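In full-length UniProt numbering, the protein residues as written are 1 to 216.
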């Protein structure tokens, strides 16, 4: 395992000793979305070499942030998953995402992955104070890929399916543009549509503020 350390009695330094290496936060981002096989991580992180991915996963396991789990039949496969300590990185990912939003530039059709539009961009906009004590399940059908966001008792948590309160259908790039405030939803139709009641739309706009208020 890596012996690199800042050797400082500092909480920020201690955190960076564990999550500060290149690719580590992106691996944690993928595992927050859901448990993944090694091959899944290779697909969603195409720029990382297989040996480096394996090294980062070993280090995260050593640090107690990631563990391997065996899925029962019929799946019968090994996946990587966040531990309870690993799940504590979610607010960090959102904060880093908020910091990075101004540097993204304009979204381009075909270059925006649906899972990044939902979990990185909208996740960065999430306001836990506005969401306190509230529940909301949102389904996204973006560029043919189905994804989910769930707010449970004010916390943004991974979700797979259910009875959606709100559904977004259309282009991931357009969703990002609307979420960042660069485009009104009325101007985005029919490339992006929102299905759901006015109460759910209002709740979403409050929980995911700034440009997300365009979505109502």
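Don't be surprised by glycine CBs; every beta carbon is placed ideally from N, CA and C. Just so it is clear, the structure is predicted and the values come from calculations on it, not from any experiment.
Excluding five sequence neighbours on each side, which residues of the same chain lie with their C-beta closer than 6 Å to the C-beta of residue 34? 158
Which whole-angstrom value is the C-beta distance of residue 29 and residue 63, which I expect to be below 8 Å? Between residue 63 and residue 29 the Cβ distance is about 16 Å, and since that is not below 8 Å, they are no contact.
When you compare each of 97, 127, 131 to residue 116 by their alpha carbons, which one comes out closest? 97
Pop quiz: residue 93 and residue 47 are said to be a contact at Cβ under 8 Å. What is the actual Cβ separation, rounded to whole angstroms? Between residue 47 and residue 93 the Cβ distance is about 18 Å, and since that is not below 8 Å, they are no contact.
Closest Cα partner of residue 106 within the set 130, 160, 179, 20: 179
Measuring alpha carbon to alpha carbon, tell me which residue in 191, 7, 82, 41 is nearest residue 142. 191
Quick one: Cα of residue 138 to Cα of residue 24, how far? 28 Å
Entirely enclosed alpha helix (DSSP H) segments - the segment 129-192, minimum 4 residues: 172-179, 185-188
Between the Cα of residue 112 and those of 144, 149, 88, spot the shortest distance and give me the residue it belongs to. 144
Quick one: give me the first and last residue of the beta strand (DSSP E) that residue 81 is part of. 78-82
Check whether the Cβ atoms of residue 176 and residue 185 lie closer than 8 Å to each other. no
Whole angstroms is fine: what's the gap from residue 203's alpha carbon to residue 12's? 34 Å
May I have the straight-line CA-CA distance separating residue 83 from residue 187, to the nearest angstrom? 42 Å
The alpha helix (DSSP H) with residue 37 in it runs from where to where? Careful: residue 37 lies outside any alpha helix (DSSP H) and carries neither H nor E.
Local conformation of residue 89 per DSSP, three classes: coil
Just to confirm the assignment, what range does the beta strand (DSSP E) spanning residue 8 have? Residue 8 -> no beta strand (DSSP E), and no H or E assigned at all.
Use the C-beta contact count for residue 165: other C-beta atoms within 10 angstroms, 16 or more gives buried, fewer gives exposed. buried
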